[in-house]
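Let me begin by presenting the structure, written as structure tokens, before commenting on it.
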Amino acid sequence: MKRVRLVLWVPLIAFLVCLAVFAAGLGAPQDKTTKSALIDQPLPQFTLQPAMAGRPGLSTADFRRGQPMVVNIFASWCIPCRAEAPQLEQLARRGVPLVGIAIRDRPQDLAQFLATYGDPFRAIGADVDRRVQLDIGSAGVPETFVIDGRGVVRHQHIGVITDSDVPAIVAAWEAAR
Amino acid sequence: MRALAATAMLLLLLASPGPAAADSLMPAARWANVQLPDADQERRAKALMETVRCLVCQGQSVADSNAEMAGDMRSIIRERIQAGQTPDQIRGWLISRYGEAISYAPQLDARTALLFAMPLILLLAGFWLVRGRFRRKRKA
């Protein structure tokens, strides 16, 4: 009989455990980012047309030349992308090879964007229907990926690159060498 | 004249999307808001869209969302269905890119087995807790 009484406490204890878990979950900061599942996986096969006349486009082969690269996913219509332009310049100055994937962009808008905010890119591919963005697990603009010299995704940065994010991206790029 | 200018400004403000809904200047993707001509394919595509999470507005499915990215995802889903892929293949492709979070229909595997078994476990635990009552009733 004594044992049965103790057992009757189990539902209440289970309920309190659930309550504690939910309370902790409610207090935790909200994480709205969706990370790419392609980290440490090879880049999917793609070929993107040049986003601007007279500039190279971008394909998977460009990432398999033995040199790690940083690819910035951006768009001229994306307001936060303007804010990270100085940080991209900073990466380029430090010798990080930068390439871009322009999402749903028109050549004339892109040209104006680059003329206004700077153009640190060696090549820019035009992803007009987000096919490549979805295939590499990017959930929005801006996002930045570090790809090693064999075309394997090594690091993802979600959102605007601030000054304090630059060292982590440089470190990820150096680690990919 | 000033009233007219003010009205025009107001209309312009109302018509232009806010920065939160930043969209490109390009038209929507081919199949973003257009049904597939084959009703059976469209039905399968729609069912899949309703269980794929929108990446921009995470509480919504891509079928419900007005986000441009959701439109692009709908278009790609319809295209893949039209090309003969099964909804499971497409869901698998999305999960391989974004993880399980992209799907509103959790798959039964080693990690989710406990979740799926929980109703049965709780029911059995409940019977076990009240088993004494049944016994006493039968005796009486």
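Those protein sequence lines, which keep their order, are chains X and L.
So in the numbering used here, the last one in the first sequence is 193, and the numbering has no gaps at all.
So in the numbering used here, the last one in the second sequence is 142, and the numbering has no gaps at all.
Heads up, the beta-carbon is just placed ideally off N, CA and C, and yes, glycines get one too.
Note that the structure is a prediction, hence the values are computed from the model and not measured.
Pairing L/PRO29 with X/GLN172, the inter-Cα distance amounts to about 29 Å. Between X/ASP143 and X/TRP93, the beta carbon gap of about 13 Å keeps them out of contact (Cβ cut-off 8 Å).
Between the region 171 to 186 of chain X and the region 100 to 110 of chain X, the count of C-beta pairs closer than 8 Å reaches three or more; the two stretches touch. Of all alpha-carbon atoms in L/ARG133, L/LEU96, L/MET75 and L/ASN68, the one lying nearest the alpha-carbon of X/SER52 is that of L/LEU96. Interface flag for L/ILE78 against chain X is set, since a Cβ pair is found closer than 8 Å.
Taking one beta carbon from each stretch, the region 26 to 34 of chain X and the region 128 to 136 of chain X have fewer than 3 pairs nearer than 8 Å; the two do not touch. Excluding sequence positions up to five before and after L/CYS59, its CB lies within less than 7 Å of the CB of SER67 and ALA69, all in the same chain and listed in chain order.
DSSP places X/ILE55 in the coil class of the three-state scheme, outside both helix and strand. Taking 3 residues as the minimum length, the beta strand (DSSP E) runs contained wholly in the region 132 to 189 of chain X are 140 to 143, 159 to 163 and 169 to 174, in order along the chain.
Taking 8 Å as the CB threshold, X/SER180 stays off the interface with chain L. For chain X, the residues of the region 57 to 89 of chain L that bring a beta carbon within less than 8 Å of one of its beta carbons are LEU57, VAL58, GLN60, GLU70, MET71, ASP74, MET75, SER77 and ILE78, in chain order. In chain order, ILE119 and ARG120 place their CB closer than 8 Å to the CB of X/ARG146, counting only its own chain and leaving out the 5 sequence neighbours on each side. As a beta-bridge residue in DSSP terms, X/VAL115 pairs with X/VAL87. Chain order gives the chain L residues near X/GLY156 as LEU57, VAL58 and MET71, where near means a beta carbon separation below 9 Å.
Counting along the chain, the unbroken alpha helix (DSSP H) around L/TYR100 starts and ends at 89 to 100. One thing to note: L/ARG93 has its Cβ no nearer than 8 Å to the Cβ of L/LEU57.
Look at X/CYS94: its C-beta is under 8 Å from a C-beta on chain L. The alpha helix (DSSP H) runs of length 4 or more contained entirely in the region 101 to 135 of chain L are, from start to end of the chain, 115 to 131. When X/ASP151, X/GLY116 and X/VAL86 are compared, the shortest CA-CA separation from X/ALA67 is found for X/GLY116. Residues of chain L whose Cβ lies closer than 7 Å to the Cβ of X/GLY153 are, in chain order, ARG99 and TYR100. At a cut-off of 8 Å between beta-carbon atoms, L/SER105 makes no contact with chain X.
Shown here for X/SER154: same chain residues with a beta carbon closer than 6 Å to its own, the five before and five after excluded, namely ILE89 in chain order. Proximity of X/VAL23 to chain L, defined by a Cβ-Cβ separation below 8 Å, is satisfied. The beta carbon of X/THR63 does not come within 8 Å of any beta carbon belonging to chain L, so the residue lies off that interface. Counting of Cβ neighbours within 10 angstroms places X/ALA36 among the exposed residues, the total staying below 16.
For X/THR50, the chain L residues whose C-beta falls within less than 9 Å of its own C-beta are ARG55, LEU57, GLN60, TYR100, GLY101, ALA103 and ILE104, listed in chain order. Rounded to whole angstroms, X/LEU130 and X/GLN83 show a C-alpha spacing of 25 Å.
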